[in-house]
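Reading through the structure tokens given below for one structure.
Protein chains: 2
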Amino acid sequence: MNDTRQFHLLAGQVSDRGARSDEAIYQALWEAIVEHRLSPGARLPEDALSHAFGVSRTTVRRVLQRLALEQLVTLRQNRGAQITSPTPSEARDVFRARRLMEGALLAEVLPRITPADLKALEAIHERETRAEREHAIRLSAEFHSRLVAIADSPSLSEALSQLISRTSLIIAVYGRARAGCPCEHIELIELLRAGALAPVQRWMSAHLTRIEASLDFTASGDALPDFEHLFGHHREQSAS
Amino acid sequence: MNDTRQFHLLAGQVSDRGARSDEAIYQALWEAIVEHRLSPGARLPEDALSHAFGVSRTTVRRVLQRLALEQLVTLRQNRGAQITSPTPSEARDVFRARRLMEGALLAEVLPRITPADLKALEAIHERETRAEREHAIRLSAEFHSRLVAIADSPSLSEALSQLISRTSLIIAVYGRARAGCPCEHIELIELLRAGALAPVQRWMSAHLTRIEASLDFTASGDALPDFEHLFGHHREQSAS
DNA sequence: CTGTCCTAGTTCGTATACAATCTTCGTGCC
DNA sequence: GGCACGAAGATTGTATACGAACTAGGACAG
């Protein structure tokens with residue numbers, strides 16, 4: 001029952017008290033969520049977190065609100081925070097949005113890409129193939145983030161980063177065995193090196209579609225304790 | 001000295017105490033910002049707002065944080081909140097992002113558009129042409145929001161809504177006389193009715209480029225954050 | 001045995017208090 | 001006269017206290 005110990009593991013050396021411990025706590029939680037160390041549906045009691053990180057509930061609450069606005073955690077009136085478990089329709093929407101945005105963005109990426117960028121992407125791919133499952137998921141997200149960053153548009157990068165994070169949640173809920181993402185990225189690197197736009201865009205769209213197709217929406221793959229999403233659309237206070 | 005009266009005008013009937021007054025306060029501030037009743041650079045003291053809306057600083061702070069994450073206000077350490085004044089490079093980035101996203105999104109909009117949608121857009125356009133300047137700006141934003149909503153993708157709608165709001169800020173800082181936006185929208189409606197994708201996309205791109213071209217970035221340097229406001233527009237719009 | 005109601009415990013929502021920081025304005029020195 | 005320094009005021013950052021809501025467990029009636 002004592003969640004504090006669990007969250008202590010996340011805390012690490014967050015001793016940057018007073019200054020901007022917000023950022024450190026945010027990073028710790030973000031990584032834990034993206035790496036599936038905290039599963040969708042898991043509750044995040046405020047004072048367990050505040051005790052684990054050694055800050056007051058005020059600070060924790062601020063970080064939780066930020067995560068809620070990014071749709072990584074869900075805040076419900078008087079019921080606290082828990083890791084968001086996306087509904088199937090939300091999941092499909094995220095993939096649709098990513099196909100659209102990443103496809104369009106590649107047109108901006110291709111003219112700007114440098115050999116150094118390709119090297120960086122290769123390095124991430126390299127680590128992906130070697131990493132444990134958990135880290136592989138984060139690295140896969142990092143691969144896509146690094147890719148869109150080449151377009152050098154903060155607005156678009158930020159919007160897509162949110163979608164990429166949410167994808168990790170979706171895989172946590174509906175993913176089976178292993179997503180095909182990591183192994184495939186090398187193909188994209190080759191296409192990028194070739195430099196033709198249309199094949200790159202086609203590949204990305206197919207890549208995302210493959211991942212989406214590998215999901216299993218029939219069952220709640222993980223221990224998913226909230227049926228609110230599945231059945232009743234009770235009034236939720238979720239910040240749009 | 002007393003900002004409270006100024007903010008009281010925004011408060012309206014926000015008497016939904018205890019429940020979700022957050023949303024009401026957020027809406028009031030959002031509208032005031034988008035309609036340029038609060039100009040970029042204007043400070044938002046916490047206790048003036050809390051007094052005006054009749055809630056505690058805690059609540060105000062939560063709303064301000066949300067607006068900050070949407071980049072409508074800027075929070076600085078120990079210096080409080082003020083309306084964001086986008087830099088020229090941020091402004092250009094927003095327009096680039098909008099050209100990309102709205103262009104791509106139109107491909108999703110066109111197959112889904114219904115006569116009812118066209119009627120709704122026409123109604124907004126109608127009000128645009130008749131409205132005062134301030135309301136026209138909000139209605140112009142509403143026109144674009146309503147347009148992207150037709151694609152029926154919450155993720156994309158939300159991402160674009162943020163960009164649209166930020167555009168309003170950009171016009172507040174760099175806009176001259178009047179933006180050509182309102183009058184032109186009728187052209188888009190005609191093109192949408194015709195139903196050919198390519199002309200619609202071309203028009204939208206040109207539309208956004210026209211607005212961007214009508215801005216005047218010479219006033220302030222890119223590198224310096226907000227000196228133009230510290231020196232140039234030093235006054236807060238204290239009416240009385 | 002099952003379902004409902006009631007009570008106890010836990011967790012969250014809001015407000016307030018106090019400390020730290022920044023800003024402003026006045027004074028003194030160069 | 002201008003600049004630097006310092007103190008007072010104002011504003012924010014953090015923590016804590018208290019009230020309200022939800023959850024869980026047990027007792028009692030059907």
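First to last, the protein sequences are chains A and B.
Note that UniProt numbering has the first sequence beginning at 1, numbered continuously upward.
Note that UniProt numbering has the second sequence beginning at 1, numbered continuously upward.
Positions of the beta carbon are idealized from the N, C-alpha and C atoms, including for glycine.
Coarse secondary structure for residue i, derived from DSSP in three states
i	result
residue 211/B	helix
residue 115/B	helix
residue 51/A	helix
residue 147/A	helix
residue 96/A	helix
residue 323/B	Since the displayed chain B opens at 1 and closes at 240, residue 323/B lies outside it and no answer follows.
residue 231/B	Because the pLDDT at residue 231/B is just 31, under 50, the model does not fix this residue reliably, and the value given afterwards should be weighed accordingly. Of the three classes helix, strand and coil, the one that applies to residue 231/B here is helix, per DSSP.
residue 127/A	helix
residue 172/B	helix
residue 218/B	coil
residue 184/B	helix
residue 59/A	helix
residue 18/A	A caution first: residue 18/A carries a pLDDT of 41, below 50, which makes its placement in the model unreliable, though a value can still be read off. The answer is coil: DSSP assigns residue 18/A none of H, G, I, E or B.
residue 195/B	coil
residue 167/A	helix
residue 154/B	helix
residue 88/A	helix
residue 190/A	helix
Buried versus exposed, by CB contacts within 10 Å (16 or more), residue i
i	result
residue 77/B	exposed
residue 166/B	buried
residue 195/A	exposed
residue 147/A	buried
residue 93/B	buried
residue 191/A	buried
residue 74/B	buried
residue 197/B	exposed
residue 79/B	exposed
residue 130/B	exposed
residue 102/A	buried
residue 87/B	buried
residue 84/A	buried
residue 187/A	exposed
residue 40/B	buried
Residue(s) in a DSSP beta bridge with residue i
i	result
residue 81/B	44/B and 75/B
Any non-hydrogen atom of the ligand GDP closer than 7 Å to residue i Cβ
i	result
residue 174/B	Looking at this structure, you won't find the ligand GDP or any other ligand, since it has none at all.
field: the region 93-122 of chain B: positions lying closer than 9 Å to chain A by Cβ
entry: Here the close residues are 93, 94, 96, 97, 98, 100, 101, 103, 104, 105, 107 and 108.
message: If the cut-off is 7 Å on Cβ atoms, which residues from the UniProt domain "HTH gntR-type" (19-86) of chain A count as contacting chain B, listed in chain order?
response: Along the UniProt domain "HTH gntR-type" (19-86) of chain A, the positions whose C-beta sits under 7 Å from a C-beta of chain B are 62, 65, 66 and 69, read in chain order.
message: Counting beta carbon pairs with one atom in the region 82-92 of chain A and one in the region 155-175 of chain A, are three or more of them shorter than 8 Å?
response: Enough Cβ pairs lie closer than 8 Å, so yes.
- prompt: Is it true that the region 192-212 of chain B meets the region 129-141 of chain B, where meeting means three or more beta-carbon pairs spaced less than 8 Å apart?
  reply: With a cut-off of 8 Å, the region 129-141 of chain B and the region 192-212 of chain B do not count as touching, because too few Cβ pairs lie within range.
Positions along the region 132-158 of chain B whose CB lies within less than 8 Å of some CB in chain A: Within the region 132-158 of chain B, the qualifying residues are 153, 154, 155, 156 and 158.
message: Any C-beta of chain A within less than 9 Å: which residues of the region 197-213 of chain B qualify?
response: Correct list: empty, as no residue qualifies.
- prompt: Are three or more beta carbon pairs between the region 93-110 of chain A and the region 53-64 of chain A nearer than 8 Å?
  reply: By the Cβ test, the region 93-110 of chain A is not in contact with the region 53-64 of chain A, since fewer than three Cβ pairs between them sit closer than 8 Å.
message: Whether or not the region 18-35 of chain B and the region 22-40 of chain A are in contact is what I'm after, with contact meaning three or more pairs of Cβ atoms, one per stretch, closer than 8 Å; do they touch?
response: In this structure the region 22-40 of chain A does not touch the region 18-35 of chain B; the number of beta carbon pairs closer than 8 Å is below three.
query: Should the region 120-129 of chain A be regarded as contacting the region 65-74 of chain A, the criterion being three or more beta carbon pairs within less than 8 Å?
result: The region 120-129 of chain A and the region 65-74 of chain A do not touch, with fewer than 3 CB-CB distances between them shorter than 8 Å.
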